[in-house]
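Right, one structure below, let's go through it.
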Amino acid sequence: MRILITGGGGFIGAWLARCLADGGHQLRVFEPVECTALFNKIVGSAAAAVDWRLGDIADANAVRAAAEGCDAIIHLAGVLTPACKADPARGAMINLVGTLNVFNAAQALGIRRIVFTSSAGVYGPDDATTPHPITHYGTFKLACEGSARAYWEDHGIASVGFRPYIVYGFGRETGSTAGPSLACRAAARGESYVIPYSSTAGLVFVDDVVAAYEAALLREPDGAHVFNLPGEVVSNDDVVAAVRTVVPDAKIGIDGPELPFAEDIGEGDLRRVFPHLPATSLRDGIRRTIELYREKP
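Here is the structure:
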């Protein structure tokens, strides 16, 4: 397949590009910036074959041009909670209008296969079963899920959305929940680091997220579905302990507010629909992240 990955230059996008390139797919990345060193570091030699297109996800014409000739779209482009809080209008243009632009492009071009990123942020802090966001970011993501259902009902465009909780791994270095990954980087470098929030939450290793996206992409398209990707529910104390199993003298602390999301959102129907997805343990994921930071300083 020829696959468009919006926001493909970021952390998850780069790991996904590496996986899909290994699977023999042709890739086009749509980003507002030139190819980054992080993308090249993660994707390796396959990065040279990626068709890189510059543009703004809020620009409908640019999105449609990027999708021309593609068989499927993986939509990752978006800004995270801090950016949406700082500028809600711009956050809505990127996260919500940008998603509508992707679906509109698919409708115009006859693309019937979309995989997109929602978020565990659709849940508020007190209810792990009914979406009730208290952030602009979570609110926009929940609206995207509803729009995906409308595109299926109105135009027959099939989609699978995922709600990852805290994704970690080599290269996750931005966003309010990058703490576990940054702790691994600091430990690998012999530096000190303080995780800037105090919570118990789901941590999902990036390889497991990529496997879910790939499985959704290859699934026979039908309906508009959304699945939780909570990973393993752990405390930050557990994260620090896992880091110290690899680097016993790691100087990692914890200090900051609680996250505005429910602790355990559960997997729901994820394993029923995708029964063969991996589930990397926290200790294995932390170990592999530290090893990669040592290999790719």
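According to the working numbering, the sequence shown is numbered sequentially starting from 728. Glycine included, C-beta positions come from ideal geometry on N, C-alpha and C. No experiment lies behind these values; they were computed from the predicted model shown.
L827 and S886 closer than 8 Å at C-beta: no
Cβ-Cβ distance between P987 and I861 below 8 Å: yes
Beta carbon of Y864 nearer than 8 Å to that of G848: yes
Local Cβ density within 10 Å of R755, reported as buried at 16 or more and exposed below that: buried
Environment of D935 [buried if 16+ CB atoms lie within 10 Å]: buried
Sub-8 Å separation of S845 and E872 beta-carbons: yes
Extent of the continuous beta strand (DSSP E) run through L827: That residue, L827, is in no beta strand (DSSP E); its alpha helix (DSSP H) goes G825 to L836.
Three-state class that DSSP yields for I784 in the structure shown: coil
Three-state secondary structure assigned by DSSP to K1023: coil
Classification of L930 by the beta-carbon crowding that lies within 10 angstroms, buried from 16 upward: buried
Proximal residues to T866 (C-beta, below 7 Å), its chain only, five neighbours per side dropped: P860
Length of the line joining the Cα atoms of I841 and R899: 24 Å
Range covered by the beta strand (DSSP E) that runs through H863: Premise fails: H863 lies in the alpha helix (DSSP H), H863 to H882, not in any beta strand (DSSP E).
Integer Cβ distance of E758 from L781, believed to fall under 8 Å: 7 Å
Inter-residue Cα distance where the pair is A968 and V961: 11 Å
Three-way DSSP call (helix, strand, coil) for A938 in this model: helix
Start-to-end residues for the beta strand (DSSP E) that takes in L986: Note, L986: premise wrong, no beta strand (DSSP E); not H, not E.
Selection from A832, A989 and A804 that minimises the alpha carbon distance to R791: A832
Buried/exposed call for G734, threshold 16 Cβ in 10 Å: buried
A989 and A905 closer than 8 Å at C-beta: no
Whole-Å CB distance - V921 paired with G980, under 8 Å assumed: 4 Å
Environment of N788 [buried if 16+ CB atoms lie within 10 Å]: exposed
Whole-angstrom distance between L765 and S919, CA atom to CA atom: 22 Å
Proximity of A785 and G825 at Cβ, strictly below 8 Å: yes
K868 burial status per 10 Å Cβ neighbour count (16 or more: buried): buried
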